[in-house]
Each structure stands twice: as structure tokens, then as C-alpha cells.
Amino acid sequence: MHGQAKVKTSEEEKERKKKDREQKAKVYRDGMTKIFDKRKKCEFDDEALDLISDILITNPDIYTLWNFRKEILLTYKDKSHDDLACILSNEMRLTEMCLRANPKSYCAWYHRLWLLDNMPYSDLEKELFLCTKYLKLDERNFHCWDYRRAVVAKLEVAPSEELDYTTVKIEENFSNYSSWHYRSQLLPLVYPDPSNLRPVDEPTHLKELELVQAACFTDPSDSSSWFYLRWLLGRPSAQLSPVQAFISNKSLVCIFNQPVNKVDSPWSAFDEARYIWERPLNETEHGDELTFSIKYNGEEKSISFQKDKVWSSQPVFDPPVSSALMSVLSSTLDSSNQLLELEPDSKWTLLTSIVLMQAIDKKKYRDVILDRLSLLIKYDPYRKEYYNDLRSKFIMEEALECLVTSSEKVCLSNLSLTTLHHSHYLGFAKSVDLSKNNLRRALPMLGNLINCEVLTMDENNLASLKGFPKLPGLKRLFLRHNSLSIDNLRIYLSNNDLKEVDISGNPLTSEDVTNLSKEFNINIILNNQKN
Numbered sequence: 011m012h013g014q015a016k017v018k019t020s021e022e023e024k025e026r027k028k029k030d031r032e033q034k035a036k037v038y039r040d041g042m043t044k045i046f047d048k049r050k051k052c053e054f055d056d057e058a059l060d061l062i063s064d065i066l067i068t069n070p071d072i073y074t075l076w077n078f079r080k081e082i083l084l085t086y087k088d089k090s091h092d093d094l095a096c097i098l099s100n101e102m103r104l105t106e107m108c109l110r111a112n113p114k115s116y117c118a119w120y121h122r123l124w125l126l127d128n129m130p131y132s133d134l135e136k137e138l139f140l141c142t143k144y145l146k147l148d149e150r151n152f153h154c155w156d157y158r159r160a161v162v163a164k165l166e167v168a169p170s171e172e173l174d175y176t177t178v179k180i181e182e183n184f185s186n187y188s189s190w191h192y193r194s195q196l197l198p199l200v201y202p203d204p205s206n207l208r209p210v211d212e213p214t215h216l217k218e219l220e221l222v223q224a225a226c227f228t229d230p231s232d233s234s235s236w237f238y239l240r241w242l243l244g245r246p247s248a249q250l251s252p253v254q255a256f257i258s259n260k261s262l263v264c265i266f267n268q269p270v271n272k273v274d275s276p277w278s279a280f281d282e283a284r285y286i287w288e289r290p291l292n293e294t295e296h297g298d299e300l301t302f303s304i305k306y307n308g309e310e311k312s313i314s315f316q317k318d319k320v321w322s323s324q325p326v327f328d329p330p331v332s333s334a335l336m337s338v339l340s341s342t343l344d345s346s347n348q349l350l351e352l353e354p355d356s357k358w359t360l361l362t363s364i365v366l367m368q369a370i371d372k373k374k375y376r377d378v379i380l381d382r383l384s385l386l387i388k389y390d391p392y393r394k395e396y397y398n399d400l401r402s403k404f405i406m407e408e409a410l411e412c413l414v415t416s417s418e419k420v421c422l423s424n425l426s427l428t429t430l431h432h433s434h435y436l437g438f439a440k441s442v443d444l445s446k447n448n449l450r451r452a453l454p455m456l457g458n459l460i461n462c463e464v465l466t467m468d469e470n471n472l473a474s475l476k477g478f479p480k481l482p483g484l485k486r487l488f489l490r491h492n493s494l495s496i497d498n499l500r501i502y503l504s505n506n507d508l509k510e511v512d513i514s515g516n517p518l519t520s521e522d523v524t525n526l527s528k529e530f531n532i533n534i535i536l537n538n539q540k541n
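Residue numbers 11 to 541, in the numbering used here, belong to the letters of the sequence shown in order.
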């Protein structure tokens, strides 16, 4: 303790403590031996419960003992009402004693929850009072919050009442992640958004933004309120709708903006992602134009297009913003910018300001958004890859909003992409250029390029082709200036039907190329020399 002089422990005191530890260890070993012996003999009785209690009171985190205790209690289910009430009372008292030793004991809290589910006659009102009591001692005890939610569900407490409780706890202490999180679960139940564009209806949304803004700027270093603000600003899931349709390999392909859980026959999902669906062309579907109907969201939509072209709809990644919400978002951005003048390295403020600028006008703030993403990498290097992926998502959405599906070629070269968000929007393209990026971790995302015949992956820092999918129509693959070995290529080529691969600039010899060409009957280019 601060302010007290350090006193050296005498040899006698050391010896006394040593003997005390040895005695406790002996009691523990003897107790555990007796307990496991009784379990082995299936002696599920009160003596076993007492032995277990003696150990758990001092060490409540021995999960095996709690499990044995549950096994014993389950054999008592046929006892009388009074006996069961007494047993339940004793168990609750034991968990309270354990929680005094460790208020965040997973085992003790779980046992208490188990009692509610398996033992009748629980006093739920008393349990709710206990939760309130514990949360006064430590309002951030997430075990207690979890337990409270279970008790509230059994009591069928109105969500509005619990919402009021979170307001009280937040006003007592802004730095309470559990309160903010619980609030995010309750608000959509109490104030649902009829338009489904926001987490809650607009009046509530505006009030919550003002509330959390005060919390964020009271303590900018605390993450709990910033996470809640991110939830409020989060994008809702767009309504399911088709975004592309085209003919590929005598099949009709339809791509959706969201994964589709179920589609009636004869449609089948192209892969597990379930964005892309296909069906064989019908014998009656001849001629230059194709019209088909598809049912989703309870409605049927008819789509018509020329067979040699692609039908598409404009990608929409950001929901509309009302004038009232725009005013609050702009005010929050102004406050964030003022805070950044005082604390330029505040990662939460930087990150939130990026989300705000995207919601307000991402074209206007494009350069500022990219600059602040670079600052986040500088100030928070441990999350560098996360920020790089955020940047890639921003760049990808920008490119997709300008996508021209009338062209069979898509160029996303030299954009410093580290991932391929929304890659299903590239499903129509026959030629895709992804050169001069950094997509070594994003190879599985190439699986959505179902119509691609020519793929360029030059200068992507590829040291392996692990995860590189088999693309059904791929004929030519460019892998120039990476770091691929002959073994990398051999594994990939053994599962594909390519006609030509350009591996110039990789650490391979002419002999390697000759061997691969013969083995797979494929044209391989190295240093612009065909083999």
C-alpha cells in the first residue's frame, strides 16, 4: 500500500507462511481425492456436496467440481417441494460466497444460471435485486449483465424498463461497455425503424447520437461509447435485390446484393457464399432477348436483357440521410475535428470521423478519408491490416459505383487493395486486371469471378497460391513479378484447365517451365519466352 514503509519478513514469518501453504495444499489434495473417489463410486450424496463446497469457497473456478455438483443435484429432482427449496437456497448461498472471492468467476455465475434453468421455485425478483446490487459494486461486470438478461427474460420485464435502467447506469458512468451494448439490443425492440434503414426510428436515432456524442467527448480515450457510436452509424443491410444477370456457359446467371438463403428449383448456388445463382437455359429461351422472372422479398420481378449483354442495376452502398440526421452528423463531425486538433492521435476519433464523412458525403471528403486512414496506420500499427482493409473497401465501393457492365473488361490495377469486398459485382467480367495490389490474403475472394477468362495478378506479393479458386472459364492467367515457386504452381495447375500462364519475374528456371509445360500440357511464359 502506498505511504507505508516496507517491512522485511522475518524468518519465523516466512516459515509460518510456508507451513500454512503446505497445510492448505494438503487439505486441498485430501479433499479432491475424496471427491473423485466418491464420483468414481457414484456416491451422489450430501457428503459429496459438502466436500465440494469446502474447496469451491476458496477456489470457485474448478469447473470439474461444479459439474460433479450438477450431477448430484440432478439426482435430487424427485425430492419434496420444501427439500428442493432448501437445496436451491443453499446453492444460491454457495455461489454468493464464491462470488465474494471472485466476483467475475465464470463457473459461479454459470452455476447460478444453471440453477435457474434446472431447479424450480427460484425467487426471480430476488435474483434481479441481487444483479442490481452487484452492478452497483461493479457496473462493468459483464458476467452479471449476462445473468441479469437471463433473469429479465424469465421475468418478462418490458424492454422499455431495462432501457431506462441502462440510461441510469450510463449516466452514472459513461465508461460502461456492457450498458452501451445492452442498450443497442433493447433500442430496436422499443423503437424499431419502420423504414429499416437505421437501427432505430429517426427521432430516437437523433437523441442517441446526441447522448453518445457527450460521452465520447467527455473521455475520448474510452472505447465503449465510440463502439456504440459506430453501431448507431453502422450501415443497415440493404434489401435483397438482383444486381446482375447474364448468360454464361449456356446457363442463366443471376447475382444478388446479399446472400440468398433459399431459392426454388431449378436455381442452384454457385458456391457457399450464395450471392451467385444459376440455372440451365430452357429450350424455349431462344432468340436474342431473354426475359425471366424471379421471386424475392415476397414479390416477383421480371428482368429482360439482350443475351449478348449484361443486365445490371446501380450498386447502392449507403442509405439515404434525412436533413435532420445530416445536421446531427455534421455537428458530430465538427466536434470530432475540434477534438482532433487537441488530440491528433486519437484513433477512436479518427475512425469515427471517417465513418461520419462517408455518411455525409464520401465524394467530397474522399481525400480526407484516405489521409485519415493513413494516420490510423501510423498511430495504431497493430491494426494496420484492418485499416488497410477498410481503405480497400472504400476504394472498391468507389470503383463499383462507376462500373460499366457494358464492357467485358474491369481494371482495378494499382489501387493498393488488400482485400476484394463485394467481388460478386465482378461476376460478369471476362477480363479482370488486379495487378499491382496486395491481394495475397484475398485469393479465395476470386471465386466470384465466374465469367472470367483472362485474369491479371501481376505484382501482388504472392508467395503462395493457397486458396486460389478454380475458375470455370479461366483460360489465361498472368502471375508476373511475384515470388512463386514451382511447387506453388504445380499444386494450382493440377486442379485447373488453363491454356496459358505467364510467370515472368518469378524465381523459376527455364527447366522448371519446361517440366511444367510437359506435365500439364499448358503454354507457360517465362521472361517473354514461350515454352
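For every residue, glycine included, the Cβ atom is placed at its ideal position computed from N, Cα and C.
Predicted model, so just to flag it, every value in this text is computed and none were measured.
Residue from the options with nearest C-alpha to residue i
i    : options                : result
S233 : P479, F315, S278, S356 : S356
N470 : T429, A225, T43        : T429
S341 : Q324, H215, L366       : L366
S252 : L453, I265, K419, V420 : Note on identity: in this sequence residue 252 is Pro, with Ser being the wrong assignment. Ranking the options by Cα distance to P252, first place goes to I265.
K419 : E411, I379, N461       : N461
L475 : L499, E463, L484, P482 : L499
F152 : M129, Y120, P230, D133 : Y120
T228 : E137, E181, R26        : E181
R193 : L173, A163, V210       : L173
V162 : P482, E137, E521       : E137
E57  : F78, L526, Y73         : F78
R289 : P276, D281, D60        : P276
K485 : V511, H491, S493       : V511
V37  : E21, L59, T68          : T68
D281 : L145, S332, P454       : P454
P113 : N492, R150, E135       : R150
K80  : S90, H91, I97          : I97
T85  : E53, S520, P202, E101  : E53
K44  : Y201, L75, E25         : L75
Contact under 8 Å by Cβ, residue i with residue j
i    : j    : result
S115 : P70  : yes
L507 : F488 : Here residue 507 turns out to be Asp, not Leu, going by the sequence shown. No, the Cβ-Cβ distance between D507 and F488 is not below 8 Å.
L239 : V222 : yes
V263 : R284 : no
S551 : R382 : There is simply no residue 551 to check, as the chain begins at 11 and stops at 541 in what is shown.
S231 : F184 : no
G503 : V523 : A small fix is needed here, since residue 503 is Leu in this sequence, not Gly. No, they are not a contact pair.
I534 : K509 : no
D443 : C421 : yes
L494 : L459 : no
E212 : S99  : no
I82  : L59  : yes
L104 : S132 : no
N516 : N492 : yes
I379 : K388 : no
Residue interval of the alpha helix (DSSP H) (run including residue i)
i    : result
I62  : 56-66
Y502 : 496-503
E288 : Looking at the DSSP string, E288 is not in any alpha helix (DSSP H); the run it does join, the beta strand (DSSP E), is 286-290.
V338 : 333-352
P213 : 212-228
Q324 : Counting along the chain, Q324 falls outside any alpha helix (DSSP H), and DSSP gives it neither H nor E.
L475 : Looking at the DSSP string, L475 is not in any alpha helix (DSSP H), and its letter there is neither H nor E.
I370 : 357-371
T43  : 21-50
A118 : 116-128
Y144 : 134-147
I97  : 91-111
Y238 : 233-243
Strand pairing of residue i, partner residues [DSSP]
i    : result
P252 : F266
F302 : I313
N533 : E510
K419 : S441
P169 : Answer is none; P169 lacks a bridge partner.
F488 : T466, D512
W190 : Beta-bridge pairing links W190 to no other residue.
I257 : L262
A279 : W287
Extent of the continuous beta strand (DSSP E) to which residue i belongs
i    : result
D390 : Where D390 is concerned, there is no enclosing beta strand (DSSP E), given that its DSSP letter is neither H nor E.
Q316 : 309-316
T466 : 464-466
I72  : Counting along the chain, I72 falls outside any beta strand (DSSP E), and DSSP gives it neither H nor E.
**Prompt:** Between the region 403-412 and the region 250-262, do at least 3 Cβ pairs fall closer than 8 Å?
**Reply:** No, the region 403-412 does not touch the region 250-262.
**Item:** Stretch pair the region 307-314 + the region 278-293: three plus CB contacts closer than 8 Å
**Value:** Judged by Cβ distances under 8 Å, the region 307-314 makes no contact with the region 278-293, as fewer than three pairs qualify.
**Asked** Can you find at least 3 beta carbon pairs, one from the region 382-399 and one from the region 428-444, that sit closer than 8 Å?
**Response** Yes: the two stretches touch, three or more of their Cβ pairs being nearer than 8 Å.
**Request:** Decide yes or no for the touch test of the region 157-166 against the region 127-142: beta carbon pairs closer than 8 Å, at least 3 of them.
**Result:** yes
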